[in-house]
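S.K.: Under the working numbering, the letters of the sequence shown match residues 188 to 526, in that order. Below is one structure. I have some questions about it.
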Amino acid sequence: MYEKTVEAIKQLVNDGTVPGVSYAFIDAQGVKTGLYGAEALVPSYEPLKPDQLYDVASLTKVVGTVNVTMLLIADGNLALTDSVSEYLPAWQDSRVTVRHLLTHTSGITGYIPHRDKLTASELHQALLGLHVGEDFERKMVYSDINFIFLGWIAETILKQPIQTLITQQVLRPLGMNDSTFQPADPSRCVPTEVSPTRGLIRGVVHDPKAFVLKAHCGSAGLFSTLNDLVTFEQAMLSDGNLPITREQKGALPNDQTPLRQQWRSFGWALLQTKLPTPHRCIWHSGYTGTFLVLDLQTSQGMVFLSNRVHPKAPNEVFLARRNAIINTYLGEKSRVAVD
Numbered sequence: 188m189y190e191k192t193v194e195a196i197k198q199l200v201n202d203g204t205v206p207g208v209s210y211a212f213i214d215a216q217g218v219k220t221g222l223y224g225a226e227a228l229v230p231s232y233e234p235l236k237p238d239q240l241y242d243v244a245s246l247t248k249v250v251g252t253v254n255v256t257m258l259l260i261a262d263g264n265l266a267l268t269d270s271v272s273e274y275l276p277a278w279q280d281s282r283v284t285v286r287h288l289l290t291h292t293s294g295i296t297g298y299i300p301h302r303d304k305l306t307a308s309e310l311h312q313a314l315l316g317l318h319v320g321e322d323f324e325r326k327m328v329y330s331d332i333n334f335i336f337l338g339w340i341a342e343t344i345l346k347q348p349i350q351t352l353i354t355q356q357v358l359r360p361l362g363m364n365d366s367t368f369q370p371a372d373p374s375r376c377v378p379t380e381v382s383p384t385r386g387l388i389r390g391v392v393h394d395p396k397a398f399v400l401k402a403h404c405g406s407a408g409l410f411s412t413l414n415d416l417v418t419f420e421q422a423m424l425s426d427g428n429l430p431i432t433r434e435q436k437g438a439l440p441n442d443q444t445p446l447r448q449q450w451r452s453f454g455w456a457l458l459q460t461k462l463p464t465p466h467r468c469i470w471h472s473g474y475t476g477t478f479l480v481l482d483l484q485t486s487q488g489m490v491f492l493s494n495r496v497h498p499k500a501p502n503e504v505f506l507a508r509r510n511a512i513i514n515t516y517l518g519e520k521s522r523v524a525v526d
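This is the structure:
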């Protein structure tokens, strides 16, 4: 099973597109995992080891911040129609709602000079000083800012940093005990970029905004292992220890954008698959070279972890190859579901 997908993953390593990959496939037969290649190329070659922590970048959004937000909604402490300015008074445009943030249809735009050199307080103020552009509600434009704002809204309501809330409400209840925002041992972390200003980034978040905002960033910052992300996907695929309510999970394959035509759900992007009947899967990627795919209808999932920005970012060649691997997986997954 999944032979073509595994072969495509190995080819990604063999031709030098990424140093290495840890991967897993989940279905009714169980979990198939594998790893291939290296975790570091510089300053010296290190073969990939099991149970290493990856900087999963924007997977933080769907593993963490989406679920914290949806639990606030389920508890009646927040509504999709609530204006962002109700919770973040410094934000001046009352048109932007929680739904807009969750579906990346807020239209928030603007340029922040010297963004990566600002202090956390300065960056906080600058982000709240941005404006809404012409894409508001009409177009899905993916942006970390939406999920940074969602994290701040949760902090306003629950009076704790968003990363603490993710740990308390998602990671620990699901038993994702290796997952953390502050790795204690850098050697257990797969390194990311060799930065001109930061050197080899290992055990510290790669994302510049998350590096500045630290515990107050809901868009990136999580480090996780293959096994922990398998645990997360298994929870999402079951009706047991879900990180959200069953009703909320049932709504995820639907387009939740205001115009219902942008192929975006609450945090997750949508994919179409044909078998056993035409239906939608949900998926999300991380800049560092990670992605999750979930088919909630057939109870199947895939976890893919690489460090495509090692030793050098952005490595845009990876993106088309990633998409091809996902399409190969969707085809093989469909056959497994039907057999």
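Quick reminder that beta carbons are idealized off the backbone N, C-alpha and C, glycines included.
For the alpha helix (DSSP H) that residue 257 lies in, which residues bound it at each end?
M.R.: Here the alpha helix (DSSP H) through residue 257 covers 253-261.
S.K.: For the 8 Å Cβ check, are there 3 or more pairs between the stretch 487-504 and the stretch 409-423?
M.R.: Flag = yes, the stretch 487-504 and the stretch 409-423 touch.
S.K.: Restricting to Cα atoms, I'd like to know which of 197, 339 and 483 is closest to residue 532.
M.R.: Any property of residue 532 remains undetermined from this structure, which presents the chain solely from 188 to 526.
S.K.: Starting from the C-beta of residue 252, find all residues in its chain whose C-beta is less than 6 Å away, skip the five residues before and the five after it, and write them out in chain order.
M.R.: Taken in chain order, the residues that qualify are 334, 337, 338 and 405.
S.K.: Inspect the beta-carbon positions of residue 440 and residue 229 and report whether they are closer than 7 Å.
M.R.: Contact: no.
S.K.: Considering only the beta carbon of each residue, do residue 462 and residue 521 sit closer than 7 Å?
M.R.: Contact flag set, yes.
S.K.: Is it the case that the Cβ atoms of residue 375 and residue 240 are separated by a distance below 7 Å?
M.R.: Yes, Cβ-Cβ distance for residue 375 and residue 240 is below 7 Å.
S.K.: Closer than 6 Å by C-beta to residue 249: which residues in its own chain qualify, once you throw out the five before and the five after it? Chain order, please.
M.R.: These residues qualify, in order along the chain: 454, 455 and 471.
S.K.: Kindly list the residues whose CB is nearer than 8 Å to the CB of residue 268, restricted to its own chain and excluding five residues on each side of it in sequence; keep chain order.
M.R.: The residues are 284, 285 and 286.
S.K.: Could you compute how far the alpha carbon of residue 344 sits from the alpha carbon of residue 408?
M.R.: Each residue's alpha carbon lies about 21 Å from the other.
S.K.: Buried or exposed: where does residue 507 fall if 16 or more other Cβ atoms within 10 Å of its Cβ makes it buried?
M.R.: So residue 507 ends up on the exposed side.
S.K.: Would you give the residue range spanned by the alpha helix (DSSP H) that residue 396 belongs to?
M.R.: It spans 395-400 - the alpha helix (DSSP H) in which residue 396 sits, taken as one unbroken run.
S.K.: Tell me, please, whether the stretch 426-439 touches the stretch 386-393 by the rule of three or more beta-carbon pairs shorter than 8 Å.
M.R.: With the cut-off at 8 Å, the stretch 426-439 and the stretch 386-393 do not touch.
S.K.: Could you pull out every unbroken alpha helix (DSSP H) segment of at least 4 residues lying fully inside the stretch 193-253, listed in chain order?
M.R.: Runs of the alpha helix (DSSP H) inside the stretch 193-253: none found.
S.K.: Could you tell me which whole beta strand (DSSP E) segments of length 3 or greater appear in the stretch 407-459?
M.R.: Counting only runs of 3 or more, we get nothing.
S.K.: Based on Cα-Cα distance, which residue from 314, 301 and 260 lies nearest to residue 276?
M.R.: Cα-wise, what sits closest to residue 276 is 314.
S.K.: Taking the alpha helix (DSSP H) that residue 332 belongs to, which residues open and close that run?
M.R.: First-last of the alpha helix (DSSP H) with residue 332: 331-345.
S.K.: If you follow the alpha helix (DSSP H) that residue 286 is part of, which residue opens it and which one closes it?
M.R.: From DSSP, the alpha helix (DSSP H) with residue 286 extends over 285-289.
S.K.: Touching or not, the stretch 412-432 and the stretch 357-367, by the rule of three or more beta carbon pairs under 8 Å?
M.R.: The answer is yes - the stretch 357-367 touches the stretch 412-432, with three or more Cβ pairs under 8 Å.
S.K.: Whole alpha helix (DSSP H) runs in the stretch 351-379 with 4 or more residues, listed along the chain?
M.R.: Listed in chain order, there is nothing to give.
S.K.: Going by C-alpha to C-alpha distance, which of 211, 400 and 281 sits closest to residue 312?
M.R.: Among 211, 400 and 281, the Cα nearest to that of residue 312 belongs to 400.
S.K.: What does the Cβ neighbour count give for residue 430, buried or exposed, with the cut at 16 atoms within 10 Å?
M.R.: Under this definition residue 430 is a buried residue.
S.K.: Tell me, which residues are paired with residue 489 by DSSP?
M.R.: Paired residue(s): 212 and 480.
S.K.: How many Å lie between residue 317 and residue 295 at the Cα?
M.R.: Their Cα atoms are separated by approximately 7 Å.
S.K.: DSSP state of residue 295, grouped into three classes?
M.R.: Three-state result, residue 295: strand.
S.K.: Spell out whether any CB of chain C is found under 7 Å from the CB atom of residue 261.
M.R.: The structure shown has no chain C; it contains just one protein chain.
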